[in-house]
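Input: a single structure, listed below in structure tokens.
2 protein chains.
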Amino acid sequence: MATIKDVARHANVSIATVSRVVNDYRHVRPAVREVVTKAIAELGYRPNGLASSFRTQQSNIVGVLLRQQRTPFSSALAYAIENTMFDQGYRVLLCSTNGDAEREAAYLETMLDMRVQGIIIRPSGTGQRMAKQISTLRDRGVAVAFVDMKPRLANAASSVVCDNFSGGYQGMRHLIELGHRRIGVVAGAVAQKGGAADVGSERVRGIRQAAADLTSDVEITYSAPFDSASFEVGREVGAALITSQPGLTAIFATTDMLALGVMHSAHALGLDLPRDMSILGYDGVMESAVTFPTLSTIAQPIHEMGQIAATTLIDHMRGLSTTPRQVVLENTLLQRDSTIRVT
Amino acid sequence: MATIKDVARHANVSIATVSRVVNDYRHVRPAVREVVTKAIAELGYRPNGLASSFRTQQSNIVGVLLRQQRTPFSSALAYAIENTMFDQGYRVLLCSTNGDAEREAAYLETMLDMRVQGIIIRPSGTGQRMAKQISTLRDRGVAVAFVDMKPRLANAASSVVCDNFSGGYQGMRHLIELGHRRIGVVAGAVAQKGGAADVGSERVRGIRQAAADLTSDVEITYSAPFDSASFEVGREVGAALITSQPGLTAIFATTDMLALGVMHSAHALGLDLPRDMSILGYDGVMESAVTFPTLSTIAQPIHEMGQIAATTLIDHMRGLSTTPRQVVLENTLLQRDSTIRVT
DNA sequence: CGGTATATTGTAAACGTTTTCAAAACAAGT
DNA sequence: ACTTGTTTTGAAAACGTTTACAATATACCG
Chain A
3 MATIKDVARH ANVSIATVSR VVNDYRHVRP AVREVVTKAI AELGYRPNGL ASSFRTQQSN
63 IVGVLLRQQR TPFSSALAYA IENTMFDQGY RVLLCSTNGD AEREAAYLET MLDMRVQGII
123 IRPSGTGQRM AKQISTLRDR GVAVAFVDMK PRLANAASSV VCDNFSGGYQ GMRHLIELGH
183 RRIGVVAGAV AQKGGAADVG SERVRGIRQA AADLTSDVEI TYSAPFDSAS FEVGREVGAA
243 LITSQPGLTA IFATTDMLAL GVMHSAHALG LDLPRDMSIL GYDGVMESAV TFPTLSTIAQ
303 PIHEMGQIAA TTLIDHMRGL STTPRQVVLE NTLLQRDSTI RVT
Chain B
3 MATIKDVARH ANVSIATVSR VVNDYRHVRP AVREVVTKAI AELGYRPNGL ASSFRTQQSN
63 IVGVLLRQQR TPFSSALAYA IENTMFDQGY RVLLCSTNGD AEREAAYLET MLDMRVQGII
123 IRPSGTGQRM AKQISTLRDR GVAVAFVDMK PRLANAASSV VCDNFSGGYQ GMRHLIELGH
183 RRIGVVAGAV AQKGGAADVG SERVRGIRQA AADLTSDVEI TYSAPFDSAS FEVGREVGAA
243 LITSQPGLTA IFATTDMLAL GVMHSAHALG LDLPRDMSIL GYDGVMESAV TFPTLSTIAQ
303 PIHEMGQIAA TTLIDHMRGL STTPRQVVLE NTLLQRDSTI RVT
């Protein structure tokens with residue numbers, strides 16, 4: 003591999019000049035620039051990224067730390083982030099923690115060791131271990147942006163989230179407006195109890211609020227509590243809900259994958275969808291469009307989330323805006339075929 | 003940030019000794035090792051990854067270049083690779099080209115500039131531009147492994163693929179054994195014509211061979227040709243196929259997402275699945291398990307593919323095995339609810 | 001033409017590590 | 001004690017850039 007020295011020798015200039023040409027600095031005579039450019043081409047010189055990263059003590063890599071990357075939601079989010087970053091010249095180190103705190107810590111360490119310029123994170127916990135990690139990052143001068151989750155302290159870091167309360171509210175209103183009065187809600191254990199201000203809880207809060215606001219005679223039945231929002235779980239608790247509560251006319255699942263599970267169990271129990279039951283999901287992942295009937299859902303602007311998270315981080319990294327920024331995006335009802343007026 | 007110098011001073015040894023402790027070399031007296039370790043802990047020293055990568059001229063990063071990462075197949079593959087790499091201490095730079103050749107080239111350049119140790123690639127084209135790129139990689143001493151696609155010349159690089167011919171064969175045999183004789187096949191334009199030895203063509207070849215081998219009275223109808231194997235496309239060509247060929251008892255789609263589309267259109271046309279029509283997919287992605295009825299499919303061992311690609315690459319990077327290795331994995335029929343004996 | 005400002009170039013130091021080489025310390029055999 | 005061999009340590013060079021600084025060339029002004 004040709005180095006900058008070779009180019010300098012070949013073009014009869016100093017390495018400083020070559021560096022200036024490569025990095026497109028001013029103060030290089032056009033003639034010289036041309037000679038150097040030719041030398042670079044002739045030698046097939048490519049700057050050693052490792053060396054320049056080392057010298058400047060920063061790589062053009064940003065870390066993206068998500069919980070899982072197998073899920074449709076995470077995939078779509080990661081994809082949006084990667085694309086935006088790519089266009090801006092950054093490369094993405096994508097890591098999935100699988101909810102494993104140790105692994106999350108290990109990745110964070112690696113990222114620091116690699117001197118990533120910034121990190122986009124969807125943390126696995128809200129605990130103080132996390133808070134400590136964030137402050138470590140801050141000390142190290144690494145830009146941080148949260149996505150799909152707010153930091154505990156609003157000024158700790160930027161974040162991009164959706165208004166899950168409003169989303170829950172919208173979904174419930176949709177069902178109520180369609181005439182549904184006996185509605186099942188499939189939501190995780192934490193969400194139902196409404197402990198932390200996490201995504202799920204917010205949605206349930208919105209659901210409750212809508213019910214309280216809009217009508218007096220709606221009856222909400224919650225599914226059995228559970229921990230992970232997977233298709234399998236949706237199928238199980240969905241089946242249980244449907245068989246134990248024969249009067250339900252609609253089910254609102256707080257995740258598309260849960261909704262898919264519910265839909266599957268409804269089919270299996272012989273229900274004719276959407277005639278016998280309306281089903282509403284949440285997320286708007288691609289999978290929700292492939293079911294039969296297609297799933298009505300509260301769609302998150304996933305692509306936009308990723309994009310804004312990326313641009314926010316870029317702004318921080320470039321020092322354009324240093325104060326944390328809290329972005330809240332709106333969810334929108336995607337009315338498809340799985341929800342109909344109650345007959 | 004404390005540097006190795008600080009540690010050396012603090013522990014009253016030379017930086018060489020600290021380096022030896024950090025990198026766990028022999029020839030360090032236990033007593034000294036302990037002192038140094040303590041100094042490291044006290045100062046919170048962490049080796050500067052950029053510096054050591056620079057010095058050794060290699061990072062612990064491997065590049066993974068896939069076509070798309072939004073698709074279930076790619077996601078699952080990427081996930082498997084990342085996990086395996088993580089366990090072995092490597093970090094993954096995940097890039098999706100979206101089939102854009104320029105972007106692919108750009109990523110490849112970046113990877114080289116970053117001095118990645120190895121690259122796992124699912125190239126977007128079979129052209130000679132690719133061949134040239136591969137030889138460039140080879141010249142640069144970067145280990146390469148193909149996944150889900152063989153290199154043109156078997157000894158150009160290692161590869162991990164599935165036996166798509168056999169998979170197509172198995173699928174067709176399955177349908178024939180179930181008594182189906184009028185079978186629709188949904189496959190892309192290239193696959194039908196059987197040009198290159200790409201994944202789709204191989205599957206179709208297997209389908210043809212099975213039909214020829216196993217029975218004389220099977221009648222295959224191909225869908226209209228198309229370019230991208232998406233759900234949307236599956237729905238469109240599926241609908242066209244079903245309406246134009248009323249006698250079909252089964253449809254074999256060469257991709258799960260296509261199959262999902264076909265299933266959707268069948269539902270929409272009022273067919274009762276699987277009674278009125280059997281549908282068979284290919285890939286075994288998670289999505290195939292969430293339909294109703296659950297999709298029978300020729301499952302690829304996606305996780306294994308990723309894992310083997312990763313370990314193969316690691317072997318190359320570590321110099322354990324230098325000769326290219328061609329791994330061919332078997333697909334297996336995943337018999338679920340969407341295929342039944344013809345009545 | 002002298003002087004001053006500005007544009008262009010080169011020299012050399014620095015970044016933090018790994019690694020070669022030689023020196024020092026120690027052990028063991030005579 | 002005197003080799004001889006082995007283990008342990010340190011000094012210093014190197015890796016390929018970027019960049020501060022100085023030096024030189026050029027332009028402009030009177």
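Protein chains in written order, with my numbering: chain A, 3 to 345; chain B, 3 to 345. Using N, Cα and C, we set each Cβ at its ideal position, and we do this for glycine too.
* Quick one: what does DSSP say B/G143 is sitting in, helix, strand or coil? -> Looking at B/G143 - three-state DSSP - the assignment turns out to be coil, as it is neither helix nor strand.
* Asked: With 16 other CB atoms within 10 Å as the buried threshold, where does A/H29 fall?
  -> exposed
* Asked: Can you list, in chain order, the stretches of the beta strand (DSSP E) that have 3 or more residues and sit fully within the region 86–157 of chain B?
  -> 93–98, 120–123, 145–149
* To do: Rank A/Q172, A/V144, A/G169, A/G173 by C-alpha distance to the C-alpha of A/S160 and give the top, closest one.
  => A/V144
* **CB contact below 8 Å: A/S98 versus chain B** => yes
* Presumed contact (8 Å Cβ cut-off) between B/F56 and A/A18, rounded CB distance -> That pair is no contact at about 19 Å.
* Asked: What's the gap between the Cα of A/P303 and the Cα of A/S77?
  -> 14 Å
* the region 271–281 of chain A touching the region 201–208 of chain A, judged by at least three CB pairs closer than 8 Å -> no
* With a threshold of 7 Å, establish whether the CB of B/I222 neighbours any heavy atom of the ligand FMN. => With respect to small molecules bound, the structure shown includes none, and the ligand FMN cannot be examined in it.
* B/E289 at chain A interface by Cβ criterion, 8 Å -> yes
* To do: Give a yes or no on whether the C-beta atoms belonging to A/T251 and A/R184 are separated by under 8 Å.
  => One thing to note: A/T251 has its Cβ within 8 Å of the Cβ of A/R184.
* **Cβ-based neighbour list, A/V23, same chain, cut-off 7 Å, excluding 5 preceding and 5 following** => For A/V23, where only same-chain residues beyond five positions count, the Cβ hits under 7 Å are V30, R35, V38, T39.
* Asked: Quick one: Cα of A/L262 to Cα of A/T293, how far?
  -> 8 Å
* Hey, out of B/S323, B/L282, B/E306, whose CA is closest to B/L336's CA? -> B/L282
* Would you mind telling me which residues of chain A sit closer than 8 Å to B/L243, beta carbon to beta carbon, in chain order? => Contact annotation for B/L243 against chain A: no contact, minimum CB-CB distance about 17 Å [criterion: below 8 Å].
* **Alpha-carbon spacing of B/N157 relative to B/H318, whole angstroms** => 14 Å
* Asked: Nearest chain B C-beta to A/A53 closer than 8 Å, yes or no?
  -> yes
* Asked: So A/C164 packs on A/N333, CB below 8 Å; how close in whole Å?
  -> 5 Å
* Sort out for me which residues DSSP pairs B/G65 with in a bridge. => The partner list for B/G65 (beta bridge, DSSP) reads B/L95, B/I121.
* Pair within 8 Å by beta-carbon distance, A/Q194 and A/Y224 -> yes
* Relative to chain B, which residues along the region 202–234 of chain A have a C-beta separation below 7 Å, given in chain order? -> Listed by position along the chain: F233.
* Asked: Is the CB of A/T256 under 8 Å away from at least one CB in chain B?
  -> no
* What three-state label does DSSP hand B/D26 in the structure shown? -> coil
* Asked: Closer than 8 Å, CB to CB, is A/A252 near chain B or not?
  -> For A/A252, no CB of chain B lies under 8 Å from its own CB, so it is not counted at the interface with that chain.
* To do: Compile a chain-ordered list of the residues in the region 115–139 of chain A whose CB is closer than 8 Å to at least one CB of chain B.
  => D115, M116, R117
* Mind checking whether B/I122 and B/L315 have CB atoms under 8 Å apart? -> Yes, the Cβ-Cβ distance between B/I122 and B/L315 is below 8 Å.
* Asked: Once you ignore the five residues that flank A/A82 on each side, which residues in its own chain have a CB closer than 6 Å to its CB?
  -> Counting only Cβ-Cβ distances below 6 Å, and skipping sequence neighbours, we find H305, G308, Q309.
* Proximity below 8 Å, CB of B/Y109 to CB of B/T99 -> yes
* To do: Give the DSSP-derived three-state secondary structure of B/F228 in the structure shown.
  => In this structure, B/F228 counts as coil in the three-state DSSP scheme.
* In whole angstroms, what separates the C-alpha of B/A291 from that of B/L260? -> 14 Å
* To do: Would you kindly check if the distance between the Cβ of B/V344 and the Cβ of B/H182 is under 8 Å?
  => Yes, the pair counts as a contact, with Cβ atoms nearer than the cut-off.
* Would you mind working out which of B/N14, B/A13, B/I209, B/G186 sits nearest B/I244, comparing C-alpha positions? => B/G186
* Asked: Should A/E44 be labelled buried (16 or more other beta-carbon atoms within 10 Å of its own) or exposed?
  -> exposed
* So, does the CB of A/V146 fall closer than 8 Å to a CB anywhere in chain B? -> no
* Collapsed DSSP secondary structure at B/G355 in the structure displayed -> For residue 355 of chain B there is no data in the structure shown, the boundaries of chain B being 3 and 345.
* Asked: Which two residues bound the contiguous alpha helix (DSSP H) that contains B/F294?
  -> Looking at the DSSP string, B/F294 is not in any alpha helix (DSSP H), and its letter there is neither H nor E.
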